[in-house]
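Enquirer: Mind having a look at this structure? Questions to follow.
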Amino acid sequence: MGTKTIVSRTGLRSGPLGIYLNDHLAGATGGVWLARRTAASHRRGPMGDELRRLADEIGSDRDALLEIMAHLDVPVRRYKIYMGRLAELAGRLKLNGRIARSSPLSGFTELEMLRLGVEGKGAAWAVLRRLADRDDRLDRARLDRLISRARRQSEVLEDFRVRVAMRVF
Numbered sequence: 040m041g042t043k044t045i046v047s048r049t050g051l052r053s054g055p056l057g058i059y060l061n062d063h064l065a066g067a068t069g070g071v072w073l074a075r076r077t078a079a080s081h082r083r084g085p086m087g088d089e090l091r092r093l094a095d096e097i098g099s100d101r102d103a104l105l106e107i108m109a110h111l112d113v114p115v116r117r118y119k120i121y122m123g124r125l126a127e128l129a130g131r132l133k134l135n136g137r138i139a140r141s142s143p144l145s146g147f148t149e150l151e152m153l154r155l156g157v158e159g160k161g162a163a164w165a166v167l168r169r170l171a172d173r174d175d176r177l178d179r180a181r182l183d184r185l186i187s188r189a190r191r192q193s194e195v196l197e198d199f200r201v202r203v204a205m206r207v208f
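First residue of the sequence shown? That's 40 in the numbering used here, and the numbers climb one at a time after it.
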């Protein structure tokens, strides 16, 4: 698949935008897998239901990114999707002081990585929201909702992260 430079109706080259959005798609792909795995590992705990809802939302946010890319005629770079998935798998190999089983630190670092991912996603939505002022292919109201949801997700994850930190440390 060759590279394609997109020219928006406003005449601005969006080649860098396509790269940026595909990079976020890679991160979103890894984020969905991480969110699902984190929700599964906490399913019996006090955060289980909320983490499952967050994982579902993170999956919906990835779908929203794909829809936005389609509206902008940004081609999906499949290799970046695969890289996102591989990065999530590689993240499981981090050393947390135990070799044979999961460490309490694992749950903490997973929540921290999820929060960082949500912050990055929120930053991407904010960039797109600014671009929506000059590109009518972008739905301002939808981006406002996505920004708001990312903020709420970040707050929930921060609360969970701090709670787990108090148990681990």
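The beta carbon of each residue, even a glycine, is placed where N, CA and C say it ideally should be.
Check this for me: beta carbons of Thr-77 and Leu-64, under 9 Å apart or not?
Expert: no
Enquirer: Just the C-alpha distance for Pro-143 and Val-207, rounded to the nearest angstrom, thanks.
Expert: 6 Å
Enquirer: Taking only runs that begin and end inside the segment 74-114, name each unbroken alpha helix (DSSP H) of 4 or more residues, in chain order.
Expert: 87-110
Enquirer: Determine the burial state of Leu-182: buried for a count of at least 16 other Cβ atoms within 10 Å of its Cβ, exposed for fewer.
Expert: buried
Enquirer: Under three-state DSSP, which class holds Arg-191?
Expert: helix
Enquirer: In the segment 147-199, which residue ranges form an unbroken alpha helix (DSSP H) of at least 4 residues, counting only runs that do not cross its ends?
Expert: none
Enquirer: DSSP state of Thr-44, grouped into three classes?
Expert: Only weak support is given to the placement of Thr-44: the predicted model assigns it a pLDDT of 40, under 50, and the question is left unresolved by the model.
Enquirer: With a CB to CB cut of under 7 Å and the five nearest residues on each side skipped, what residues in its chain are close to Leu-185?
Expert: Asp-100, Ala-103, Trp-164
Enquirer: Between the alpha carbons of Ile-97 and Arg-179, how many angstroms are there, rounded?
Expert: 20 Å
Enquirer: Are the Cβ atoms of Gly-156 and Gly-54 separated by less than 9 Å?
Expert: no
Enquirer: Among residues of its own chain, excluding the 5 on either side of Arg-75, which ones have a beta-carbon nearer than 7 Å to its beta-carbon?
Expert: Ala-94
Enquirer: Counting Cβ pairs, one atom from each stretch, are 3 or more of them under 8 Å apart for the segment 114-128 and the segment 165-177?
Expert: no
Enquirer: Taking Asp-174 as the reference, which of Ala-162, Gln-192, Met-86, Asp-112 has the closest Cα?
Expert: Asp-112
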